[in-house]
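Chemist: Okay, handing you the structure first.
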Amino acid sequence: MIGRAIWYAVLGAIAVVTVGLQLDRQSETTPALADKVPVPLRNHAQKQLALRAIETGGSDEALAEAKRLVERRPVPAEHLSLLALAEAKAGQQQQALMTIQMAAKRGWREPLAQEAVLRLALANGDKAEAARRYAALFLRDKTPNRLLAELAPEVLGEPGGPGRRTMIDLISGTERWHALVLRRGRMVMPPDAFREIVIASLARGTTFDCALLAQAIKGLRQKDDGEAAALAQAVAKACP
Numbered sequence: 682m683i684g685r686a687i688w689y690a691v692l693g694a695i696a697v698v699t700v701g702l703q704l705d706r707q708s709e710t711t712p713a714l715a716d717k718v719p720v721p722l723r724n725h726a727q728k729q730l731a732l733r734a735i736e737t738g739g740s741d742e743a744l745a746e747a748k749r750l751v752e753r754r755p756v757p758a759e760h761l762s763l764l765a766l767a768e769a770k771a772g773q774q775q776q777a778l779m780t781i782q783m784a785a786k787r788g789w790r791e792p793l794a795q796e797a798v799l800r801l802a803l804a805n806g807d808k809a810e811a812a813r814r815y816a817a818l819f820l821r822d823k824t825p826n827r828l829l830a831e832l833a834p835e836v837l838g839e840p841g842g843p844g845r846r847t848m849i850d851l852i853s854g855t856e857r858w859h860a861l862v863l864r865r866g867r868m869v870m871p872p873d874a875f876r877e878i879v880i881a882s883l884a885r886g887t888t889f890d891c892a893l894l895a896q897a898i899k900g901l902r903q904k905d906d907g908e909a910a911a912l913a914q915a916v917a918k919a920c921p
């Protein structure tokens, strides 16, 4: 009887661990499940908890969850980037800079690293560097528009400022993302920033597709009719 009880207990423990591991893996695509994963089994789930704390929690909570993530899975660059974001949120700018440098050695193109450097640049008043990181996120298809719209006022909010000038330099220097600027820019940038960036880029010799310009103006009109009218007037010569 004792042996059978032990056997059933072992089977029960295996079942609990198996379910916990399955929940942990599923939390990668269903973040709401992260809290249901037993604490000792949280790997993917811990990443989701850290992300949630950084986005919506207090600085102490964000830092604690991010440190816990790195303690459990120290290798991925993404996890170090999350720790850097949490440190920046907690006001630990120097430590965040050191952490993001470590993350950069493992995976500089990792999007969270770009976001972390962007936020550090903003914290240090370097709008030009923030704009370069914003552009890197902007070019990435998987970057949520919500994040770009959230960051844009801080990076591009100053009329004629270094953030906007940097974006104009980048757009004018390559044809790689002219169409993307028109399609996505009007959705995520402040209307006046979008208008200024497009007009200044045109003045630099940038050639935009007229049909896409017309669509951009139409879309911008839904957000700010005045800025749309100003843009339409400015591009009339380029696209009669």
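The sequence shown stops at residue 921 when you use our numbering, and every number in between is there.
All C-beta atoms in this analysis are idealised placements derived from N, C-alpha and C, irrespective of residue type, glycine included.
When the distance is taken between beta carbons, is leucine 828 closer than 8 angstroms to alanine 811?
Modeler: No, these two residues do not count as a Cβ contact at 8 angstroms.
Chemist: Kindly say whether leucine 803, judged by its beta-carbon, lies nearer than 8 angstroms to any beta-carbon of chain B.
Modeler: The displayed structure is made up of one protein chain only, and chain B is not part of it.
Chemist: Along the alpha helix (DSSP H) that carries asparagine 826, what are the first and last residues, could you check?
Modeler: 826-837 is the span of the alpha helix (DSSP H), which, as asked, contains asparagine 826.
Chemist: Assign methionine 779 to one of two classes, buried (16 or more other C-beta atoms within 10 Å of its C-beta) or exposed (fewer than that).
Modeler: Classification of methionine 779: exposed, given that the 10 Å Cβ count is below 16.
Chemist: Going by CA-CA distance only, name the one from Phe889, Pro834 and Ala874 that's closest to tryptophan 858.
Modeler: Of Phe889, Pro834 and Ala874, the residue nearest in Cα terms is Phe889.
Chemist: Given this structure, state the Cα-to-Cα distance separating valine 836 from threonine 855, to the nearest angstrom.
Modeler: Approximately 21 angstroms, taken between the alpha carbons.
Chemist: Using a Cβ-Cβ cut-off of 6 angstroms (strictly less than) and excluding sequence neighbours within five positions of alanine 747, which residues of its own chain qualify?
Modeler: These residues qualify, in order along the chain: Ala731, Leu763, Leu764 and Ala767.
Chemist: Could you tell me the alpha carbon to alpha carbon distance between glutamine 776 and tyrosine 815, rounded to whole angstroms?
Modeler: Roughly 22 angstroms between the two C-alpha positions.
Chemist: Taking only the alpha-carbon atoms, compute the straight-line gap between arginine 876 and lysine 823 and give it to the nearest angstrom.
Modeler: Cα to Cα, the separation comes out at about 24 angstroms.
Chemist: Report the CB separation of alanine 833 from valine 862 in whole angstroms; it is logged as a contact under 8 angstroms.
Modeler: Incorrect: roughly 13 angstroms between the Cβ atoms, too far for contact.
Chemist: Between the beta-carbon of leucine 750 and the beta-carbon of glutamine 727, is there less than 8 angstroms?
Modeler: Cβ atoms of leucine 750 and glutamine 727: closer than 8 angstroms.
Chemist: Can you tell me whether proline 825 is buried or exposed? The criterion is at least 16 other CB atoms within 10 Å of its CB, across all chains shown.
Modeler: The residue is exposed, with fewer than 16 neighbouring Cβ atoms inside 10 Å.
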